[in-house]
Amino acid sequence: MKAYGKTDVGSVRAVNQDVIFYSDTPVGALANLFIVADGMGGHRAGDVASALTVETIVNYIRQSEETNPITLMEEGIRRANLAVIDKAFEDEDYEGMGTTVVAATLKDDLLYVANVGDSRLYLLNEEIHQITRDHSYVADLVSLGQLDRENARESQKKNIITRAVGAEPEVTPDFFEVEVKPNDKFLLCSDGLTNMVRDDEIKKVILAEDNLGDAVVKLIDIANEHGGKDNISAVLASV
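My numbering puts the last residue of the sequence shown at 248; the count rises by one with no breaks.
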């Protein structure tokens, strides 16, 4: 498999609170590992929370003797949650910080995915499929049938996160197992991309580009052309 990732501050923000990690070679017992974390907007030290989360997850997986992908990601996120909370107690400037996280690993023909918050994972073949479910106020309204997906994109409340790393003493990630086929691609990204670029446009760019790096750079360029109102991160991998 191949992978490429990039993060960009965007056109408006002064600080990039997104952190990415990607490796198409083994990380501990995992054959590969991909992570995107988006520090909570409007909170102090979101960049600290996202960096600490990614570092904690990766270090745990590297050192653990556990081999089950779900168990590894679950425990890594649990430890990251405690690390962010502990760090917030050390300095009042860190109070209230938190982060989203989406993580994935491919084993044989199964993609294992974990997410907390509204950073997403998409699977792309001939179509684009959002695998993760956003933990957000507007996503809850959509699932209840009280708001359609199009109006959700324009809602002023779309950045209200209902679940995040560092927000509560315990965090509960959602997990997904997805069967993949040769030549499938999967994308991990922050909402700085999905709020600026529609799913069908993301699909068009990725399916049109043979080079993963070119596709990622083009997606970020489009997000900035559409306003770049938030930090933009994308990690793209090909099976």
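Ideal Cβ placement from N, Cα and C applies to all residues, glycine included.
Residues bridged to residue i (per DSSP)
i	result
E188	L119
Q139	Y131
T114	Y121
I170	S145
D209	Paired residues: none, contrary to the question.
Extent of the continuous alpha helix (DSSP H) run through residue i
i	result
S247	Per DSSP, S247 belongs to no alpha helix (DSSP H); it is in the beta strand (DSSP E), I241 to S247.
V28	Looking at the DSSP string, V28 is not in any alpha helix (DSSP H); the run it does join, the beta strand (DSSP E), is D27 to S32.
E218	Where E218 is concerned, there is no enclosing alpha helix (DSSP H), given that its DSSP letter is neither H nor E.
S73	Note, S73: premise wrong, no alpha helix (DSSP H); not H, not E.
L91	P78 to E99
Selection from the options that minimises the alpha carbon distance to residue i
i	options	result
V67	T114, D230, K194 and I137	T114
G201	Y13, V18, A173 and A92	V18
L61	G37, L130, N41 and G175	G175
N77	A38, M49 and G105	A38
V180	I94, S242 and I215	I94
N250	D117, V214, H235 and D239	The displayed coordinates of the chain run from 10 to 248. Any statement about residue 250 would go beyond what the structure contains.
L228	S247, M205 and D33	M205
S59	Y69, R71 and F30	F30
Y131	E104, K15, V244 and K11	V244
H235	E210, A224 and D56	E210
I28	H144, L81, K194 and C198	It should be pointed out that residue 28 corresponds to Val in this sequence rather than to Ile. When only C-alpha atoms are compared, the closest one is C198.
I241	V24, S247, M10 and E104	V24
K194	A224, R172 and I170	A224
I170	D143, S32 and L91	D143
R129	K11, R172 and L196	L196
T16	D230, S247 and V248	D230
Y13	K238, G222 and D239	G222
V21	S247, V57, G237 and D127	G237
Where the beta strand (DSSP E) through residue i begins and ends
i	result
T16	K11 to D17
V45	L42 to G48
L197	K194 to C198
Residue i classed as buried or exposed, judged by whether at least 16 other C-beta atoms fall within 10 angstroms
i	result
N220	exposed
N192	exposed
A217	exposed
D102	exposed
Q26	buried
A232	buried
V36	buried
P178	exposed
K212	buried
V63	buried
T5	As displayed, the chain neither begins before 10 nor continues past 248, which places residue 5 out of reach and without an answer.
Proximity test, residue i beta-carbon vs the ligand FAD heavy atom, cut-off 7 Å
i	result
T80	The ligand FAD is absent from the structure shown, which contains no ligand whatsoever.
Q) If you pair each beta-carbon of the region 179 to 193 with each one of the region 120 to 129, do three or more pairs fall below 8 Å? A) yes
Q. So does the region 67 to 87 actually touch the region 126 to 139, counting three or more Cβ pairs closer than 8 Å?
A. no
Q) Is the region 37 to 45 touching the region 96 to 113 in the sense that three or more CB pairs, one from each, lie closer than 8 Å? A) yes
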